[in-house]
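The next block holds one structure in the form of structure tokens; read it before the comments.
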Amino acid sequence: MGKPGELLEPALAYQYPTRWGSLVTPDDMLAKAARAVASARALLDLGDADGAANRAYYAMFDAARAALLASGRIVETESIRTHSGLITAFSLHLVKPGKIPVELGRSINKAEDIRLAADYKDTPVEQDAATWAVNEAERFVRFIKDALRTQA
8 MGKPGELLEP ALAYQYPTRW GSLVTPDDML AKAARAVASA RALLDLGDAD
58 GAANRAYYAM FDAARAALLA SGRIVETESI RTHSGLITAF SLHLVKPGKI
108 PVELGRSINK AEDIRLAADY KDTPVEQDAA TWAVNEAERF VRFIKDALRT
158 QA
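Numbering-wise (the working numbering), the sequence shown opens with residue 8 and increments by one.
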């Protein structure tokens, strides 16, 4: 349960149109997630806890989106319109059935809370919280990437 390779059922479709008519693939989203993780680590190293927390969350968000797209369960334009919608779909279709470890499902929720504090509160998030978010984002993205690679 929750091991790479057990993540996804065979995809019903591999590409989905976005709101603007272009196609996005799981690989596109994983590449975007990898860039966000690298940015998060760089910002953390520069002492920008808020920026690091933001990028860490978006790395997880994009990796979760990649997993949902690859699962063939979710058509982006119909089901994933908000952050909470994506997180709910990720939990319902991948965490609850045991394809993703529960702790990774919890981590995206916690990372979102940290990101919201970083983006909207007057005081910066604690360095420890940003460090946790970046480390967790690296783990999250790596798990999804390994699971999709094993699935292929």
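Where a beta carbon is used, it is the ideal one built from N, C-alpha and C, also for glycine.
Quick one: is S191 buried, meaning 16 or more other Cβ sit within 10 Å of its Cβ, or exposed? With the chain covering only 8 through 159, there is no way to say anything about residue 191.
Could you tell me the boundaries of the alpha helix (DSSP H) in which I107 lies? Careful: I107 lies outside any alpha helix (DSSP H) and carries neither H nor E.
Quick test of your reading: A40 and A73, contact by CB under 8 Å. State the CB separation rounded to the nearest angstrom. Under the criterion of beta carbons closer than 8 Å, A40 and A73 qualify as touching, at roughly 7 Å.
Secondary structure at A140, three-state DSSP: helix, strand or coil? DSSP, read as helix, strand or coil, puts A140 in helix.
With the cut-off set at 8 Å, would you say A56 and E133 are in Cβ contact? Closer than 8 Å, so yes.
Check each candidate in D120, D69, I107 and name the one with the smallest Cα separation from A150. Checking the sequence, you will find Phe at residue 150 rather than Ala. For the set D120, D69, I107, the Cα lying nearest the Cα of F150 is the one of I107.
Leaving out five residues on either side along the sequence, give the residues of the same chain with a beta carbon under 6 Å from the beta carbon of M36. Same-chain partners within the cutoff: D69, R72, A73.
Going by the C-beta, is A124 closer than 7 Å to any heavy atom of the ligand ATP? This structure lacks the ligand ATP; in fact it carries no ligand of any kind.
Candidates E110, A96, V31, A137, of which the one nearest D120 by Cα: It is A137.
Going by C-alpha to C-alpha distance, which of P131, D153, G112, S98 sits closest to A60? Selected option, being the one with the closest Cα: P131.
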